[in-house]
Amino acid sequence: MDKTRTRTLQQKSSAKWLIHLFPLPALLVYVIFVLYPLFSAFTYSLYDWKGIAKGSFVGLQNFIMLFQQEPYNEMFARAFGHNVIYFVGEMIVQNGIAFALAYIIYRKIRGAEFLKAAYFLPRLLSVIIVGFLWKLILNPNFGALNTLLAKVGLQEWARPWLGDPDTALYAIILVNSWFGIGFAVLIFLAGLQAIPEELIEAARLEGAGGLRLLTRIILPLCMPSLTIMSVLTFIQAFEAFELVYAMQGSMGEPYYSTDTLAVFFYRLTFGGAGGGDTVAIGLGSALAVVLFAIVASVSALSLYVMRKREVQH
Amino acid sequence: MKTSIAARSLQVLFAYLFALIALYPILLMIGSSFKTNQQIFANPLSLPTSFSFKNYAELWEAVPFADFLWNSVIVSVASVLLILLFSAMAAFYIARFSFKWNGYLYFFFLLGLMIPVKLGIVPLFLLMKKLGLLNSLWSLILIYTGSGIPISVFILTGFLRTLPVQLEEAARMDGCNNFQVFWKILLPLVRPALGTVMIINFIQAWNDFFFPLIFIQKEELKTIPVGMLSLFGEYEANWSLLFAGLTLSALPMIVVFLLASKQFMEGLTAGAVK
Amino acid sequence: MKKRSLTFFLTLALGSSLLLSACGGNGSDTAAPGTDQGKQAGDSKGEVVLQMHSWRVEDVAGYEKVIKAFEEENPGIKIEFKPFKATEYNTILNTALQSDSGPDIMQLRPYGAGMALAEAGYLEPLDSVKGLDVFSKESLAAATGKDGKVYGVPLSLNTTQIYYNKKIFDQYGLKEPKSWDELIAIAKTLKEKGITPFAFGSKEGWLLSLSHGVIGPGAYNGSAFVDKVLKGETNFLSPEFQKSIERMKELTPYFPDNFTGLELTDLRTLFTAEKAAMFINGSFELEGLRKANPDLQLDFFPMPTDDGKFVITTWVDGSYGVNAKSKHKAEALKFMEFMTTKKFGETFANSLMRISAVPDVKTEDPLINKMADLISTSPTPYLMVVNFNEGNPTTKQTLETALQGMYLGQLTPEQVAQEVQKSAETWFAPFKK
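Protein chains in written order, with my numbering: chain A, 643 to 955; chain B, 145 to 418; chain C, 35 to 467.
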């Protein structure tokens with residue numbers, strides 16, 4: 643009697659200890675292959691670098707240079723500004739249109755499955771392919787877009803979309819929206835479909851019309867999916883690299899008009915396009931720290947606010 | 145519905161117009177791959193008048209596409225499986241137990257959501273070298289697993305928290321230990337969320353080009369995006385070949401999607417929004 | 035049912051991991067330290083395989099011939115030539131070198147940029163390589179470190195010039211220009227006839243410094259001005275340099291529509307499709323142009339200067355160096371030795387249609403021979419590559435983006451010159467007061 647009892651107890655305590663193994667594999671892979679490299683890269687920012695060789699410890703000098711010395715401070719400010727435009731642009735174009743589309747589908751439409759699939763299809767392509775494809779479409783002289791404009795009599799609208807600093811950044815944002823809109827539609831649609839039918843019925847019985855229904859009932863109830871999508875968009879906008887790199891190169895051409903912080907980081911760390919350019923790994927790493935701080939603090943804050951609001955519900 | 149018919153038709157028009165905008169460039173890509181260069185330059189918008197597979201034949205000669213495809217499959221499938229297993233275990237621990245450090249642990253994982261993994265590329269390369277994993281698909285699998293874990297733990301934990309605990313308690317009463325509870329009860333319950341995690345990470349791993357660019361230099365070990373990148377460099381002026389290359393690279397994913405688009409899209413959000 | 039699908043999952047996981055260890059490069063063999071980067075320790079015959087990296091994706095076929103010639107003379111050594119896209123080459127090479135791996139033999143960017151690798155200790159000094167003395171001091175300068183040691187064997191000499199379409203020129207009775215005004219007159223005539231005078235685009239920065247490298251010496255009369263700059267006796271705010279920038283602007287009406295959005299490939303297409311009559315580019319572009327349109331009647335002229343002469347802009351393009359951490363240094367050095375021989379020079383020049391850095395190598399191509407002759411009679415250095423490719427961003431990059439800004443109407447020629455001067459002052463010793 644006693645013996646069996648101790649055995650089960652032992653079994654239980656050993657099982658209890660074993661439970662701590664559960665998060666271990668995830669933790670290990672994550673720490674070794676994500677956190678450790680990143681934080682060792684952060685320490686690089688405290689050293690002086692001669693080309694790609696590590697020099698002596700210099701404290702915060704790289705950060706001071708990044709923010710105070712020309713042309714780095716100008717490049718930083720300009721790239722940061724582009725990231726902000728990128729974010730705002732994505733919010734308006736990608737998420738705005740996506741919400742409208744999600745709402746139309748939510749209100750029942752023939753061919754809903756087809757529409758969702760069509761919107762989502764671009765998201766399946768590799769960004770490098772998306773960039774290349776659009777570069778061909780937007781090519782000033784042989785591209786499909788300018789040809790299309792000429793065909794419908796709008797020649798004077800044709801321009802070197804990616805070669806004109808007034809349009810290049812917006813062109814990239816539009817391409818990115820083309821790429822990401824399907825995902826946003828799905829997220830918003832899931833948010834809309836999670837709204838209890840009764841709430842909407844009740845509001846309708848009280849005589850709420852389409853617009854009122856949308857602003858008073860539906861939008862507030864969609865807040866979780868809206869917030870998630872905004873945070874994702876923010877992170878994506880501030881880490882924007884691949885599309886710009888694929889379409890405009892590591893100089894954020896033309897004349898830095900599409901430069902973003904991540905492209906600037908790449909340029910500092912690996913040198914510019916065409917080769918033979920110098921690298922500044924200390925500066926690049928300092929920029930990485932700053933970039934991480936921006937993204938982490940803003941997204942952590944918004945997630946925190948969202949959770950708090952959810953708890954209040 | 146109270147909306148007027150005119151407003152509604154406008155909405156429908158808008159929805160289908162956007163479907164056209166989403167699809168047209170892809171159709172253009174596929175269509176152009178069957179044309180000759182002259183046809184593309186003379187008439188970029190039109191559909192191909194005849195279907196020439198010459199570009200594809202030339203592509204097949206120029207690059208070992210079958211190898212690229214196989215590598216992409218292995219890397220994506222293996223990293224997705226590892227992510228599923230590891231993050232489900234971690235999420236189980238975080239969501240179903242209340243050790244005092246669980247909050248911190250959760251936050252610790254969430255930190256990874258905001259990390260651009262590329263920033264650590266140089267130390268990562270050094271690490272891979274020490275582990276002897278350069279020019280091995282394992283380097284990619286481990287990186288994709290590591291960088292996919294945060295979002296997956298986030299989704300799975302969120303999903304688990306919404307599930308009732310009664311089933312597990314019942315199982316424990318029956319004498320199941322933690323492993324059995326996890327395996328027999330939890331995993332089947334979180335299947336919708338596992339679907340989400342699977343799809344998000346699969347797309348990510350399949351399409352990445354940055355890491356293979358750095359870690360894989362053997363031609364026969366390259367994944368599709370990187371393998372095709374060198375092709376893009378070599379044939380810069382040969383547009384019809386480029387379009388064929390783009391089409392070929394996108395094709396496997398598009399085919400999979402067309403076969404299971406419903407599961408794909410439902411899976412994508414099933415676990416993310418309860 | 036659910037249980038079964040899970041078991042299936044796991045079997046799959048297990049199965050695929052087995053599969054992986056089978057195809058991930060034969061497990062421990064490739065995983066052994068020092069064998070990464072595809073360096074095979076050699077097979078049973080004791081054959082050594084050297085990895086050779088380059089940024090010339092276009093040259094694979096040509097290099098095959100060169101390497102074959104080497105392998106025939108050196109049984110037991112195999113060379114695997116692996117080019118990467120020029121834009122990704124530095125990323126791949128730097129990352130590899132920083133962790134003490136990388137290829138045995140690597141192509142080095144010319145002058146300061148390539149020598150940064152030597153300063154960081156990644157390159158083997160080559161002073162003791164036999165035959166290195168065939169090269170002139172100017173050639174070796176491209177691969178000489180700040181410590182005075184030579185770290186690379188020069189590969190080829192590049193020139194930049196204005197290519198033109200002979201058929202179009204003949205059709206309108208145009209002749210090679212003897213002065214700047216004649217060049218502008220030609221451009222004007224072509225434009226009136228509805229032909230784009232210059233295949234030119236400003237989307238890619240490096241094409242701008244390259245074009246300035248051709249147009250500039252015409253305005254500042256070549257090397258005399260360069261010497262004065264290098265001594266610090268004059269600088270980029272001088273009227274000569276300003277004039278060179280203004281001339282870049284003066285050409286604007288003769289560029290194609292939408293030129294701010296055009297890239298190299300577009301320019302090639304314009305020129306080889308005979309829609310544009312002139313194309314400012316390098317000797318390295320010659321073979322590509324011929325391949326794109328074998329019927330193109332191609333010729334070039336050097337840049338006329340304001341004092342009635344003409345100059346051709348030249349520099350040493352990439353050289354090849356040896357990884358200081360290579361496991362097969364002796365074999366790699368053998369290849370370096372081979373690179374100094376006439377046999378190498380001739381094979382290289384003829385199979386890649388380039389000007390070999392090995393002196394007195396003739397090719398079967400009249401245009402290449404004409405370039406080589408001009409190099410010996412009236413050369414002027416590509417100032418931005420040879421002397422001003424330092425700083426961060428480099429002075430060369432600064433000129434490129436500033437010129438881009440000028441073509442976009444955001445900077446005046448004076449401002450371009452000021453930006454260049456400002457950049458040079460951050461690192462160029464003679465400019466530091």
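Don't be surprised by glycine CBs; every beta carbon is placed ideally from N, CA and C.
Residue burial annotation: T230 of chain C is buried, with at least 16 other C-beta atoms found within 10 angstroms of its C-beta. Annotated as proximal: A882 of chain A and T902 of chain A, with beta-carbon spacing under 7 Å.
When the five nearest sequence neighbours on each side are left out, the beta carbons in the same chain lying within less than 7 Å of the beta carbon of P188 of chain C are those of F169, S173, L174, A176, A177, V350, S353 and A391, in order along the chain.
Put simply, the CB of P679 of chain A is far from chain C, with every gap to its CB atoms at 7 Å or more. Here P137 of chain C is buried. Its C-beta has 16 or more other C-beta atoms within 10 Å. Within chain A, the residues placing a beta-carbon under 7 Å from that of T125 of chain C are F912, ordered along the chain. Contact of N192 of chain C with chain A is not assigned, every C-beta pair being separated by 7 Å or more. S196 of chain B carries a coil assignment under DSSP once its states are collapsed to helix, strand and coil. For L910 of chain A, the enclosing alpha helix (DSSP H) covers residues L903 to F912. Distance from the Cα of L275 of chain B is smallest, within the candidate group A:K692, A:F675, A:F784 and A:Y887, for A:F675. Burial is judged here by how many other beta carbons sit within 10 angstroms of a residue's own beta carbon; S384 of chain B has at least 16 and is buried. Listed in chain order, the non-local C-beta contacts of Y379 of chain B below 7 Å within the same chain comprise L385 and L386, local neighbours out to five positions each way being set aside. With respect to I126 of chain C, I113 of chain C sits apart: the two C-beta atoms are not nearer than 7 Å.
Look at M312 of chain C here: in three-state DSSP terms it is strand. Using a Cβ-Cβ distance cut-off of 8 Å, the region 282-295 of chain C and the region 245-253 of chain C are in contact, since at least three pairs of beta carbons, one from each stretch, lie closer than that value. In this chain, Q711 of chain A is not harboured by any beta strand (DSSP E), its DSSP state being neither H nor E. Shortest Cα-Cα distance from D161 of chain C to any of C:M405, C:G355, C:A130 and C:V454 involves C:G355. By the neighbour-count criterion, in which a residue is buried when 16 or more other Cβ atoms sit within 10 angstroms of its Cβ, A166 of chain B is buried. At a cut-off of 7 Å between C-beta atoms, I694 of chain A counts as an interface residue with respect to chain C. Around P294 of chain B, the same chain offers F253, G256 and L257 as residues with beta carbons nearer than 6 Å, after the five sequence neighbours per side are excluded. The C-beta of Q890 of chain A has 16 or more other C-beta atoms within 10 Å across all chains shown, which makes the residue buried.
Within the same chain, and ignoring the five residues on either side of Q361 of chain B in sequence, the residues whose Cβ sits closer than 7 Å to its Cβ are N279. Close to chain A, meaning a Cβ-Cβ distance shorter than 7 Å, are the following residues of the region 438-465 of chain C: Q438, G439, L442 and Q444.
Exclusion of the five residues before and after A147 of chain C leaves N423 as the residues of its chain whose Cβ lies within less than 7 Å of its Cβ. Taking the C-beta atoms as reference points, S317 of chain C is found no nearer than 7 Å to K99 of chain C. For K198 of chain B and E321 of chain C, the gap between their C-alpha atoms comes out near 25 Å. DSSP places N192 of chain C in the strand class (E or B) of the three-state scheme. Not flagged as an interface residue toward chain C: M733 of chain A, since no C-beta distance is shorter than 7 Å. Between G256 of chain C and S278 of chain C, the CB-CB gap reaches or exceeds 7 Å. Between A221 of chain C and F305 of chain C, the C-beta gap is not smaller than 7 Å, which leaves the two residues out of contact. For A233 of chain C, the secondary structure class from DSSP, reduced to helix, strand or coil, is coil.
Between F709 of chain A and A719 of chain A, the alpha-carbon positions lie close to 9 Å from each other. Approximately 19 Å separates the beta-carbon atoms of L780 of chain A and F162 of chain B; this is outside 8 Å, ruling out the contact. At a Cβ-Cβ threshold of 7 Å, F378 of chain C and F372 of chain C count as neighbours. If you look at S216 of chain B, you'll find it in the alpha helix (DSSP H) that goes F209 to R240.
The contact set of E881 of chain A on chain B, defined by CB atoms closer than 7 Å, consists of P260 in chain order.
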